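Student:
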Amino acid sequence: MRFRTESSPHMIPAHSVGGVMQQVQMALVPGTLAMAWFFGWGVLVNVVLAVLFAVAFEAAIVAARKRPVMATLSDNSAIVTGWLFALAVPPLTPIWVTLIGIAFAIVVAKHLYGGLGYNPFNPAMVGYVVVLVSFPREMALWPAPDTLSDLSLGLGQTLQTVLTGSLPAALEWDTITRATPLDAMREGLGAGRTVSEVTASPLFGSFSETSWEWIGNFFLLGGLYLLFRRIIHWHIPLAVILGVAIPAGFFWMLDPDSFASPAFHVFSGAVIIGAFFIATDPVSASTTPLGRILYGAGIGVLIFIIRTWGGYPDAVAFAVLLMNMVAPTLDHLTRPRIFGRSRRGPPPGDGHA
Amino acid sequence: MNPTLTDIIRDGLWHNNPGLVQLLGLCPLLAISGTMVNAIGLGIATTLTLLLSNVLVSLIRNHARPEIRIPVYVLIIASIVTAIELAMNAWFHGLYLILGIFIPLIVTNCAIIGRAEAFASRNSVPRAALDGLMMGLGFTGVLIALGALREVLGQGTLMANAHLLFGEWGHGMTLQLYPSEHGFLLALLPPGAFMAMGLLIAAKNWIDSQFEPEPTASRDESATESEAAPDNA
């Protein structure tokens, strides 16, 4: 009788790339459903379109690079890229904007640099920044959440809007869109009003029925699931949130009339999804423990700085891309000590390493 | 070994193109290529400067002592650029206002002093003149390609503001390819210039690779080319 022997490794790694990406997709579901609940069908239409485009571009560019198409597609990373992009853009974004953004994300940001694992920048955020900078008008059209508006578009009307780029007859952009809380805060403070005057609008609420905090909560739920499954580590999300909250709290205590509260900063816009899903991209983030903390804190502080004094109401994408540039240096400077060696190199008393 | 006349032409327009291979003069190349008319205007000014400076440097090549040759070249180039700047101010005032600081900055374009030092100071006047003209045309070609690409993507037109260069009948030369409110704004912004430039260089390398018979030969050639290309200031 012969025993079948196998060569090492005998311990199978807990996470394959495709498995990790599947977990991330599962963790994105609650937040995405919450967004769809508040903003209508557009969110789901965007996600489906962006994922389809992402997979199609990935297949095309991998084929053009003469690499195995199915093996690359099975790592599921294109799906996550498309999904995150779709959550970043407004729910009624025209289809051609999604197409251009995804093309930049997959072809330029990912595969021109060598594909998954080689991209220095987060592909979804590159795609989002490209369309944000290029098409400011389309990117500003956030519809009012359902809790504040009686007008909500059905699936057919949403599809028509997304595919043609123009609303169904009898509807106008001015009646269905609304400033986001971050926009309103920015405009209000810029116009010389105080924070309490701005937040008196029905757009704002502290975990009441307005949408934005709730969406953040559901993404938080998904993020905690990822932490629990050890897909991500706690360093980056915690550092991002503290990086936003600490400077925001400092300025808020100095002058609560002209600086919004830290709770508003953390739960508005994209900080939660950014902290748990975007900044933790294993390719473009820092990889050492200390490096991760510095990387996350840098993102958080940059978000606060750009929101408060910069030209855009939200800044997660810019902050992530800026810190992506720093990540290799952080990795280099924060290398952990190798076991058996001093911090500077070979162990003491040993001539050769 | 002296290059033949066809070599000079080929080098300037393609194989040793200042924009795509030597990567010289990137600052005006990227800053001014937002529209095709700006690109043509700056291209003509740069070509004229290259032609005249190469001729003058070649004329004095046996008289200028090597210790002071660089200051002499700079003086020559600066005088030529000043003359061209005054001429553009007089005859193409609108374009002059748009190009602004980038006309006087032609002085600092490394392609010009590079050709003066590397070619004109070692060759006879007609050959130096041909080299200046071809390098200038090669640079202008890259400028125009970049300008056309960015203008079409960014604002959907070709040859907008052509009247600044060609007088009144230039108004009719503007082509509107698609409505401009859907323009790809990124192409007009500085990052778009870098990306478009990268794509042009990639396209040139790809075309070259299609004509290379042997891969080893191309590797040798590219190695010597990159050694020959000095850093851009």
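Going down the list, the protein sequences come from chains D and B. Throughout, my numbering is defined as the position within the first sequence, counted from one, plus 7. Throughout, my numbering is defined as the position within the second sequence, counted from one, plus 927. Glycine is no exception: its CB is placed at the ideal position from the N, C-alpha and C atoms. This one's a predicted model, so the numbers in the text were calculated from it and none came from an experiment.
Grab me the residues of Arg-988/B's own chain with a C-beta within less than 6 Å of its C-beta, minus the 5 sequence neighbours each way, in chain order.
Tutor: Ser-1048
Student: Check whether the Cβ of Val-115/D lies closer than 9 Å to any Cβ atom in chain B.
Tutor: yes
Student: Can you give the Cα-Cα distance for Glu-1154/B and Leu-261/D, rounded to whole angstroms?
Tutor: With a pLDDT of 44 at Glu-1154/B, under the threshold of 50, the predicted position of this residue should be treated as unreliable, and no value is reported.
Student: Rounded to whole angstroms, what is the Cα-Cα separation between Arg-348/D and Arg-342/D?
Tutor: Linking Arg-348/D to Arg-342/D through their CA atoms gives a straight-line distance of about 13 Å.
Student: With distances taken between CB atoms, is the gap from Leu-337/D to Leu-301/D smaller than 9 Å?
Tutor: yes
Student: Give me the residue from Ala-326/D, Ser-265/D and Pro-175/D with the minimum Cα distance to Val-251/D.
Tutor: Nearest of Ala-326/D, Ser-265/D and Pro-175/D to Val-251/D, Cα basis: Ala-326/D.
Student: Looking only at its chain, what residues have a beta carbon closer than 7 Å to the beta carbon of Val-55/D, apart from the 5 residues adjacent to it on each side?
Tutor: none
Student: Could you check whether the Cβ of Phe-1121/B sits closer than 9 Å to any Cβ belonging to chain D?
Tutor: no
Student: Comparing C-alpha positions only, which one of Met-42/D, Pro-98/D and Ala-63/D sits nearest to Asn-224/D?
Tutor: Met-42/D
Student: Pull up the distance between the alpha-carbon of Glu-13/D and that of Ile-253/D, whole angstroms please.
Tutor: The alpha-carbon atoms of Glu-13/D and Ile-253/D are separated by roughly 53 Å.
Student: With DSSP collapsed to three states, give me the class of Thr-184/D.
Tutor: Thr-184/D sits in a strand when the DSSP states are folded into three classes.
Student: Assuming Glu-1078/B contacts Thr-962/B under a Cβ cut-off of 8 Å, what Cβ separation, rounded to an integer in Å, is found between them?
Tutor: 5 Å
Student: Quick check on Leu-1102/B: does DSSP put it in helix, strand or coil?
Tutor: strand
Student: Taking all protein chains shown into account, do 16 or more other C-beta atoms lie within 10 angstroms of the C-beta of Gly-307/D, making it buried, or fewer, making it exposed?
Tutor: Buried, because 16 or more other Cβ atoms sit within 10 Å of the Cβ of Gly-307/D.
Student: Evaluate the contact criterion for the segment 161-173 of chain D versus the segment 229-237 of chain D: three or more CB pairs, one atom per stretch, below 8 Å.
Tutor: no
Student: How would you list, in chain order, the residues of chain B whose beta-carbon sits under 7 Å from the beta-carbon of Val-76/D?
Tutor: Those do not exist, as Val-76/D stays about 22 Å from chain B at its closest Cβ, beyond 7 Å.
Student: Between the Cα of Val-31/D and those of Val-133/D, Leu-91/D and Ile-109/D, spot the shortest distance and give me the residue it belongs to.
Tutor: Leu-91/D
Student: Does the distance from the CB of Ser-980/B to the CB of Ile-1028/B come in under 9 Å?
Tutor: no
Student: Between the beta-carbon of Leu-1127/B and the beta-carbon of Ala-1055/B, is there less than 9 Å?
Tutor: no
Student: Can you check whether the C-beta of Leu-1113/B is within less than 9 Å of a C-beta belonging to chain C?
Tutor: Among the chains of the structure shown, chain C does not appear; the protein chains present are D and B.
Student: Confirm, please, whether the CB-CB distance from Leu-189/D to Gly-305/D is below 9 Å.
Tutor: no
Student: So what does Thr-962/B bridge to, in DSSP terms?
Tutor: Partner(s): none; Thr-962/B has no beta bridge.
Student: Leu-1116/B touches chain D at which residues, Cβ-Cβ below 9 Å?
Tutor: Neighbours of Leu-1116/B in chain D, taken as residues at a C-beta separation under 9 Å, are given in chain order as Val-140 and Ser-141.
Student: Nearest-angstrom Cα distance between Val-87/D and Val-24/D?
Tutor: Computed Cα separation, rounded: 12 Å.
Student: Would you say His-1109/B lies against chain D (beta-carbon separation less than 9 Å)?
Tutor: yes
Student: Kindly indicate if chain B contains any beta-carbon less than 9 Å away from that of Ile-253/D.
Tutor: no
Student: So which residues of chain B does Val-137/D contact, with C-beta pairs closer than 7 Å?
Tutor: The contacting residues are Leu-1113.
Student: In angstroms, rounded to a whole number, what distance separates the CA positions of Leu-328/D and Asn-129/D?
Tutor: 7 Å
Student: Identify, in the order they occur along the chain, each residue of the same chain with its Cβ nearer than 7 Å to the Cβ of Leu-1113/B, setting aside the five sequence neighbours on each side.
Tutor: Same-chain partners within the cutoff: Gly-1119.
Student: Taking 9 Å as the threshold (beta carbon to beta carbon), is Ile-107/D in contact with chain B?
Tutor: Yes, contact with chain B.
Student: Could you tell me the alpha carbon to alpha carbon distance between Asn-126/D and Ala-292/D, rounded to whole angstroms?
Tutor: When rounded, the separation of the alpha-carbon atoms in Asn-126/D and Ala-292/D is 10 Å.
Student: Buried or exposed, going by whether 16 or more other CB atoms sit within 10 Å of the CB of Thr-933/B?
Tutor: exposed
Student: For Leu-297/D, collect the residues of the same chain with a Cβ closer than 7 Å to its Cβ; drop the 5 residues on either side in sequence, then sort them by chain order.
Tutor: Thr-341
Student: Output the distance between the C-alpha atoms of Met-330/D and Leu-106/D, rounded to the nearest integer angstrom.
Tutor: 26 Å
Student: Identify the residues that DSSP records as bridge partners of Thr-1084/B: which are they?
Tutor: Gln-1103/B
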